[in-house]
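Chemist: As given, the protein sequences belong to chains U and W, one line each in that order.
If you use the numbering used here, the first sequence corresponds to residues 2 to 384, in order.
If you use the numbering used here, the second sequence corresponds to residues 69 to 556, in order.
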Amino acid sequence: MPRKVAVAIVGGGYHGLSLAFNLADRGVRDILVLDAGYFQGGASGRNGALVRGGFSSVEWTRFFGHSLNLWIGLSRKLGHNVMFTRRGYAIVAETDRSAAMVERALKVHAAEGLRSVGLDRAGVRRVLPAIDADRVKAAIHFANGGTAPHHAAMKAYLAACRERGVTVRYGTQVTAIERTGGRASAVWAAGQRIDADAVAVAAGAHNPDVARLAGVELDGAGMRIEAIAVAPMRRTIDPGIALIDRATYLHQTGRGEIVGGCEIAGEKPRMSLASDMPVMAHTARHLATMFPSLGAARVLRQWAGQVHVSSDFGPLLGQHPDLRDLWLSAGWLYGVAGAPASGDLLAKAIVTGVIDDRMAPFAVDRRRRNRPIVEESTVNLEH
Amino acid sequence: MARLPHAAGARLAFLWEGRVVEARAGDTVAAALYAAGHRMLTRSRKFHRPRGLSGVFVADHLARVDGRPNVRLDDELVREGHDVRAQNVWPDLDRDLLRLARLIPRRWLRAGFEHTRLIPSGTPLFERWEAMLRFLAGVAERPPADQRIPAMAGRRIAADVVVVGGGPSGRRAAAEAAGQGASVVLVSRGTPPGAFARAGGAALPDLPESVTVLAEHEAFGLYRDGRLVGAAPRDGGAATAIDAGCVVLAVGRRSCPPLVPGADLPGVLDLHTALALAHDHGVAPGGAVAVIGTGDVEAVARRFAALSVGVGAVLETGRTTRILGNHAVAGIEADGRVLACDAVVHAGPWRTDPALGFQAATGGALRLIAQAGRGNVTVVGSAAEAPEPVVWGGHLDDAALVCPCMDVTVAEVRALAAAGEAHVEVIKRLTGCGMGACQGFPCWDQLGAALAALTGRAVDDRPTFRPPRGALTLAQAAGLAEVVGPEP
Ligand SMILES: Cc1cc2nc3c(=O)[nH]c(=O)nc-3n(C[C@H](O)[C@H](O)[C@H](O)COP(=O)(O)OP(=O)(O)OC[C@H]3O[C@@H](n4cnc5c(N)ncnc54)[C@H](O)[C@@H]3O)c2cc1C
Chain U
2 MPRKVAVAIV
12 GGGYHGLSLA
22 FNLADRGVRD
32 ILVLDAGYFQ
42 GGASGRNGAL
52 VRGGFSSVEW
62 TRFFGHSLNL
72 WIGLSRKLGH
82 NVMFTRRGYA
92 IVAETDRSAA
102 MVERALKVHA
112 AEGLRSVGLD
122 RAGVRRVLPA
132 IDADRVKAAI
142 HFANGGTAPH
152 HAAMKAYLAA
162 CRERGVTVRY
172 GTQVTAIERT
182 GGRASAVWAA
192 GQRIDADAVA
202 VAAGAHNPDV
212 ARLAGVELDG
222 AGMRIEAIAV
232 APMRRTIDPG
242 IALIDRATYL
252 HQTGRGEIVG
262 GCEIAGEKPR
272 MSLASDMPVM
282 AHTARHLATM
292 FPSLGAARVL
302 RQWAGQVHVS
312 SDFGPLLGQH
322 PDLRDLWLSA
332 GWLYGVAGAP
342 ASGDLLAKAI
352 VTGVIDDRMA
362 PFAVDRRRRN
372 RPIVEESTVN
382 LEH
Chain W
69 MARLPHAAGA
79 RLAFLWEGRV
89 VEARAGDTVA
99 AALYAAGHRM
109 LTRSRKFHRP
119 RGLSGVFVAD
129 HLARVDGRPN
139 VRLDDELVRE
149 GHDVRAQNVW
159 PDLDRDLLRL
169 ARLIPRRWLR
179 AGFEHTRLIP
189 SGTPLFERWE
199 AMLRFLAGVA
209 ERPPADQRIP
219 AMAGRRIAAD
229 VVVVGGGPSG
239 RRAAAEAAGQ
249 GASVVLVSRG
259 TPPGAFARAG
269 GAALPDLPES
279 VTVLAEHEAF
289 GLYRDGRLVG
299 AAPRDGGAAT
309 AIDAGCVVLA
319 VGRRSCPPLV
329 PGADLPGVLD
339 LHTALALAHD
349 HGVAPGGAVA
359 VIGTGDVEAV
369 ARRFAALSVG
379 VGAVLETGRT
389 TRILGNHAVA
399 GIEADGRVLA
409 CDAVVHAGPW
419 RTDPALGFQA
429 ATGGALRLIA
439 QAGRGNVTVV
449 GSAAEAPEPV
459 VWGGHLDDAA
469 LVCPCMDVTV
479 AEVRALAAAG
489 EAHVEVIKRL
499 TGCGMGACQG
509 FPCWDQLGAA
519 LAALTGRAVD
529 DRPTFRPPRG
539 ALTLAQAAGL
549 AEVVGPEP
């Protein structure tokens, strides 16, 4: 274990590794990534793998549009196959209210130069032949969206980091963060102190706890989200799908499994990796309702992951307002989609001090400044 | 293959791969096909190895029945005129050209098709390449678009004691609890409960009238520290959520095949499955059966002889170095000798499927691990006995399959171990081991044993055993949405 590093990164999920890779790519040496768990043990190894660039707000669309472009070139950049497939991504609206949101979002995409189209009935049947088209009021199709399976993409990030000399250690928990002279100056792990010019926190659901180690507060909380996988079958659903009124997302994996999850009313935020019955049952109901031919398909497994959700559901990116040299890539609900851009823009900020326009709206203290971002196209019940 | 003298049931006929097969009423499709000499039921995912009913690995007896993909043929009762077709083959089971996949260097197929370096994403060819990989990996054709299976309204009941398993110890536990005035629900896969014990010739304690029996049901999950039990009938009917005061697991043990090449061949059966074939369906597992096992193997052989099954060889499982055969078992190699046989029945090593107990008694925010004192679950009967070690004769052979459903070989595990990768969760994600329909049992035990042998360190660790186990369709699960709300 090194005694002194340029940047100590807490968490080796998508965001810790993406940041480490981009720092190394910008020429930073002595980067250390510490992760308390095992490789892919966090949300980065338990997710729905969906990637899209377009949302309903300008802020999200700019950030995630950039990230989508990076995903497309990522295999080349990392030198390893991330298997990001551009099978498309569809947002499906079943009510007048969400259909109106879809119309607004399409305008945002057009203004931002993002490739998206509204699907008419024939379009729905073409792009989503298995869906019950009678239930669809409106839909957006992103031809460029798709899925990034973590077993390939995380493996690629880790390999690329190690090839560039980044030290990545799993099974090594950060137990303390030291502050001296108003800045984060060192982390403790494995009973040892490691001096750092900067500390970056990308600890997923544990972000608020890790921030507290440095004596600062963070908006939002860690919570469980759950998903299911349906027994494999050949090509049935091409794009990733958000069933916006059902707070449900799904896609069919390269292995043929249909993986999806949903949010249900009344579920209290809780930290747990144990799965429960209701989300599985509701996800099954949404799948069987929207894809009626799948009713006899078997649920292969269900599982839970944990994420850090901010009060406006958006990421928290940048330096902490109360502690210099403490950087955050936190609040990731769409952390697969956002991983390439978060590493890219945060590394730029750390190395050059320049806060990119696409990142600025997601500043860590926006809640305190009462500047939440209103984003209506995420898969949440709160809308 | 001829039926045993005690075979009964009216004759009926169904279609297998377009050909007429004769069956007896009461047969499962798997039993009827076995009786008719159709041992190979599908081909494996990556290497397209022949696969048939094993009792251990679910993926080896999934087929398409009347258009429904991924039907478990050991659950499905034969009906007159059933149209049953093999999956993951093209154009058909016998001529399967997809088996040319075997010519692809195995190195490229590590971890399935998903880690290929050949064509990286972002290149013009990738989407087409990925579509092909999806076809190869997808295994089953999708259901017909006009198929409509409505949600099955779920139900919710409560009991002081939920007993899982209808064998002797489950029955005893249920009777005891009922005798003390507790309300008891007993969940059993068997029809009636206790099928394995009965097939083995054992007497079964009676169940008091007051015990509610969910027969032909699978307990698919223990949630909320075991206070919520999910159970679903194997025929696709309504699922049940049970609020449980406490849970008694009397799930017995299963036999694990030896970790040797050929253990995935059609005709290698675990004792449960072989006894069910012989006793319940009057189907001989083979003409000359090799019985291997860990305990009193002679007694097992005698039981088969009593059922008029011809036994050719009897030996300890741990002496087996290889099971031979092309499309089905042709012999077994032990102690450097080859013994001819046309089926292998293994009766041990015996191990308990830990899934339900694991689900009820684990916690943790970085990883789910067993926590002492957690979960209101008691394990009784043979399920509570210490697991017997996974075995293989001679050396650990690279060609042996740690996880037959996903075609994960010892060679893959060896390569990862050599690269310093010894965490079972990481190996699971890198190889897909345990990601098939059996959901980790017994392949994670085999992975643990292989890893221990390769690294010289004890590996007690297992990846997370997740619900739902076994049978639960989307339509069944959907019905539970109305009856179970979020945990308070
Ligand atoms: C079921 C599910 C489905 C999802 N679907 C999608 C989707 O379709 N699309 C999408 O974009 N996103 C999706 N997400 C969200 C996405 O997975 C996450 O946003 C993303 O993985 C977060 O990455 P991360 O690096 O921030 O956190 P994580 O991957 O959770 O990594 C954090 C790491 O920090 C480590 N850590 C914690 N505390 C410490 C400490 N004290 N010291 C050292 N290390 C520590 C943990 O061990 C962990 O490995 C989904 C998430 C889940 C759970």
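Beta carbons: idealized from backbone N, C-alpha and C, even for Gly.
For clarity, every value in this text was computed on a predicted model and none was experimentally measured.
Measuring alpha carbon to alpha carbon, tell me which residue in W/143, W/115, W/544 and W/386 is nearest residue 170 of chain W.
Modeler: As a working note, residue 170 of chain W is residue 102 in the second sequence. Taking only the C-alpha atoms, the option nearest residue 170 of chain W is W/115.
Chemist: Can you grab the Cα-Cα spacing for the pair residue 72 of chain U / residue 85 of chain U, in whole Å?
Modeler: Numbered from 1 along the first sequence, position 71 holds the residue referred to as residue 72 of chain U. Numbered from 1 along the first sequence, position 84 holds the residue referred to as residue 85 of chain U. Rounded to whole angstroms, the separation of the alpha carbons of residue 85 of chain U and residue 72 of chain U is 7 Å.
Chemist: Buried or exposed, going by whether 16 or more other CB atoms sit within 10 Å of the CB of residue 176 of chain W?
Modeler: Walking along the second sequence from the start, residue 176 of chain W turns up at place 108. That one is exposed.
Chemist: Can a CB atom of chain U be found closer than 7 Å to the CB of residue 507 of chain W?
Modeler: Taking the second sequence and counting its residues from 1, one reaches residue 507 of chain W at position 439. At a cut-off of 7 Å between beta carbons, residue 507 of chain W contacts chain U.
Chemist: When you compare the CB positions of residue 306 of chain U and residue 44 of chain U, do they come within less than 7 Å of one another, or not?
Modeler: Mapped onto the first sequence, residue 306 of chain U falls at position 305. Mapped onto the first sequence, residue 44 of chain U falls at position 43. Yes, they are a contact pair.
Chemist: Taking beta-carbon pairs under 8 Å, can you tell me which members of the segment 475 to 499 of chain W lie near chain U?
Modeler: 491, 493, 494, 497 and 498
Chemist: Quick one: which residues of the segment 276 to 305 of chain U get their C-beta closer than 7 Å to a C-beta of chain W? List them in chain order.
Modeler: 276, 277, 278, 279, 281, 282, 283, 285, 286, 288, 289, 293, 294, 295, 296, 297, 298, 299, 300, 301, 302, 303 and 304
Chemist: If the cut is a Cβ gap below 9 Å, which residues of chain W does residue 5 of chain U touch?
Modeler: Position 4 of the first sequence, counting from 1, holds the residue named residue 5 of chain U. Ordered by position in chain W, no residue passes the 9 Å Cβ test against residue 5 of chain U, which lies about 26 Å from the chain.
Chemist: For ligand 1, is there any heavy atom lying closer than 6 Å to the beta carbon of residue 350 of chain W?
Modeler: Residue mapping note: residue 350 of chain W aligns to position 282 of the second sequence, counting from 1. No - ligand 1 has no heavy atom lying nearer than 6 Å to the Cβ of residue 350 of chain W.
Chemist: For a cutoff of 7 Å on Cβ pairs, would you count residue 190 of chain W as touching chain U?
Modeler: On the second sequence, position 122 is the one that residue 190 of chain W refers to. Residue 190 of chain W counts as touching chain U.
Chemist: Got a sec? Which residues, its chain only, sit under 6 Å from residue 76 of chain U by beta carbon, not counting five neighbours each side?
Modeler: Locating residue 76 of chain U in the first sequence gives position 75, where the first residue counts as 1. Closer than 6 Å at Cβ, skipping near neighbours: 82 and 83.
Chemist: Can you tell me whether residue 453 of chain W is helix, strand or coil according to DSSP?
Modeler: Locating residue 453 of chain W in the second sequence gives position 385, counting from the first residue. Coil.
Chemist: Could you tell me if residue 347 of chain W is buried or exposed, where buried requires 16 or more neighbouring beta carbons within 10 angstroms of its beta carbon?
Modeler: Walking along the second sequence from the start, residue 347 of chain W turns up at place 279. Result: buried.
Chemist: Can you give the Cα-Cα distance for residue 53 of chain U and residue 314 of chain W, rounded to whole angstroms?
Modeler: In the first sequence, counting from the first residue as 1, residue 53 of chain U sits at position 52. In the second sequence, counting from the first residue as 1, residue 314 of chain W sits at position 246. Note on geometry: alpha-carbon atoms of residue 53 of chain U and residue 314 of chain W lie some 45 Å from one another.
Chemist: Measuring CB atoms only, is the segment 212 to 225 of chain W touching the segment 186 to 199 of chain W, in the sense that at least three cross pairs come out at less than 8 Å?
Modeler: Fewer than three Cβ pairs drawn from the segment 212 to 225 of chain W and the segment 186 to 199 of chain W lie within less than 8 Å of each other, which leaves the two stretches out of contact.
Chemist: Return yes when the Cβ of residue 107 of chain W is within less than 7 Å of the Cβ of residue 294 of chain W, no when it is not.
Modeler: Here the question's residue 294 of chain W lines up with position 226 in the second sequence. Here the question's residue 107 of chain W lines up with position 39 in the second sequence. No, the Cβ-Cβ distance between residue 294 of chain W and residue 107 of chain W is not below 7 Å.
Chemist: By the DSSP assignment, the alpha helix (DSSP H) with residue 372 of chain W in it spans what residues?
Modeler: What you label residue 372 of chain W is simply residue 304 of the second sequence in a count that begins at 1. Note, residue 372 of chain W: alpha helix (DSSP H), 365 to 374.
Chemist: Which class does residue 330 of chain U belong to by DSSP, given the choice of helix, strand or coil?
Modeler: For the purposes of this step, residue 330 of chain U is taken as the residue at position 329 of the first sequence. Reduced to three states, the DSSP call for residue 330 of chain U is strand.
Chemist: Would residue 133 of chain U and residue 234 of chain U qualify as a contact pair, given that the criterion is a beta-carbon distance under 7 Å?
Modeler: In the first sequence, residue 133 of chain U corresponds to position 132, counting from 1. In the first sequence, residue 234 of chain U corresponds to position 233, counting from 1. Cβ atoms of residue 133 of chain U and residue 234 of chain U: not closer than 7 Å.
Chemist: Could you tell me whether any Cβ in chain W is nearer than 7 Å to the Cβ of residue 10 of chain U?
Modeler: Taking the first sequence and counting its residues from 1, one reaches residue 10 of chain U at position 9. With 7 Å as the cut-off, residue 10 of chain U does not count as an interface residue toward chain W.
Chemist: Whose C-beta lies closer than 7 Å to the C-beta of residue 555 of chain W among residues of the same chain, with five residues either side of it excluded?
Modeler: In the second sequence, residue 555 of chain W corresponds to position 487, counting from 1. Contacts found: 292.
Chemist: Beta-carbon within less than 7 Å of residue 122 of chain U's beta-carbon, same chain only, minus the 5 sequence neighbours each way: which residues are those?
Modeler: As a first step, residue 122 of chain U is located in the first sequence; it is residue number 121 there, counting from the start. Excluding positions up to five away in sequence, the list reads 134.
Chemist: Short check: CB of residue 425 of chain W to CB of residue 296 of chain W, under 7 Å?
Modeler: For the purposes of this step, residue 425 of chain W is taken as residue 357 along the second sequence, with counting starting at 1. For the purposes of this step, residue 296 of chain W is taken as residue 228 along the second sequence, with counting starting at 1. In this structure, residue 296 of chain W does not lie closer than 7 Å to residue 425 of chain W by Cβ.
Chemist: Does the beta carbon of residue 452 of chain W sit closer than 7 Å to a beta carbon anywhere in chain U?
Modeler: Locating residue 452 of chain W in the second sequence gives position 384, counting from the first residue. Cβ-Cβ to chain U under 7 Å: no for residue 452 of chain W.
Chemist: State yes or no: is the C-beta of residue 220 of chain U nearer than 6 Å to some heavy atom of ligand 1?
Modeler: Here residue 220 of chain U refers to the residue found at position 219 when the first sequence is read from its first residue. Outside the cutoff, so no.
Chemist: Would DSSP call residue 200 of chain W helix, strand or coil?
Modeler: Looking up residue 200 of chain W in the second sequence gives position 132. Helix.
Chemist: Would a check of beta-carbon distances place residue 73 of chain U closer than 7 Å to chain W?
Modeler: Counting from one through the first sequence, the residue named residue 73 of chain U turns up at place 72. By this cut-off, residue 73 of chain U is an interface position.
Chemist: Using CA coordinates, which residue listed in W/70, W/405, W/144 and W/138 is at the minimum distance from residue 105 of chain W?
Modeler: Translated into the one-based positions of the second sequence, residue 105 of chain W becomes position 37. Of the candidates W/70, W/405, W/144 and W/138, W/70 places its Cα closest to the Cα of residue 105 of chain W.
Chemist: Flag residue 315 of chain U as yes when its Cβ comes closer than 6 Å to any non-hydrogen atom of ligand 1, and as no otherwise.
Modeler: In the first sequence, the residue the question calls residue 315 of chain U occupies position 314. Outside the cutoff, so no.
Chemist: Between the beta-carbon of residue 24 of chain U and the beta-carbon of residue 348 of chain U, is there less than 7 Å?
Modeler: Along the first sequence, read from residue 1 onward, the residue named residue 24 of chain U stands at position 23. Along the first sequence, read from residue 1 onward, the residue named residue 348 of chain U stands at position 347. A contact, by the Cβ cut-off of 7 Å.
Chemist: Is there a Cβ of chain W sitting closer than 7 Å to that of residue 143 of chain U, yes or no?
Modeler: Numbered from its first residue, the first sequence carries residue 143 of chain U at position 142. It does not: the Cβ of residue 143 of chain U has no partner Cβ on chain W nearer than 7 Å.
Chemist: Nearer than 6 Å: is that true of the beta carbon of residue 207 of chain U relative to any heavy atom of ligand 1?
Modeler: Walking along the first sequence from the start, residue 207 of chain U turns up at place 206. Yes, the Cβ of residue 207 of chain U comes within 6 Å of a heavy atom of ligand 1.
Chemist: May I ask you to verify whether the segment 415 to 422 of chain W touches the segment 447 to 465 of chain W, counting CB pairs closer than 8 Å and requiring at least 3?
Modeler: Per the Cβ contact rule, the segment 415 to 422 of chain W is in contact with the segment 447 to 465 of chain W (3 or more Cβ pairs under 8 Å).
Chemist: When we look at the beta-carbon of residue 439 of chain W and count the other beta-carbons within 10 Å, is it buried (16 or more) or exposed?
Modeler: Position 371 of the second sequence, counted from the start, is the residue given in the question as residue 439 of chain W. Classification of residue 439 of chain W: exposed, given that the 10 Å Cβ count is below 16.
Chemist: Is residue 83 of chain U a contact residue of ligand 1, with contact defined as CB to any heavy atom under 6 Å?
Modeler: Residue mapping note: residue 83 of chain U aligns to position 82 of the first sequence, counting from 1. No, Cβ of residue 83 of chain U sits at least 6 Å from all heavy atoms of ligand 1.
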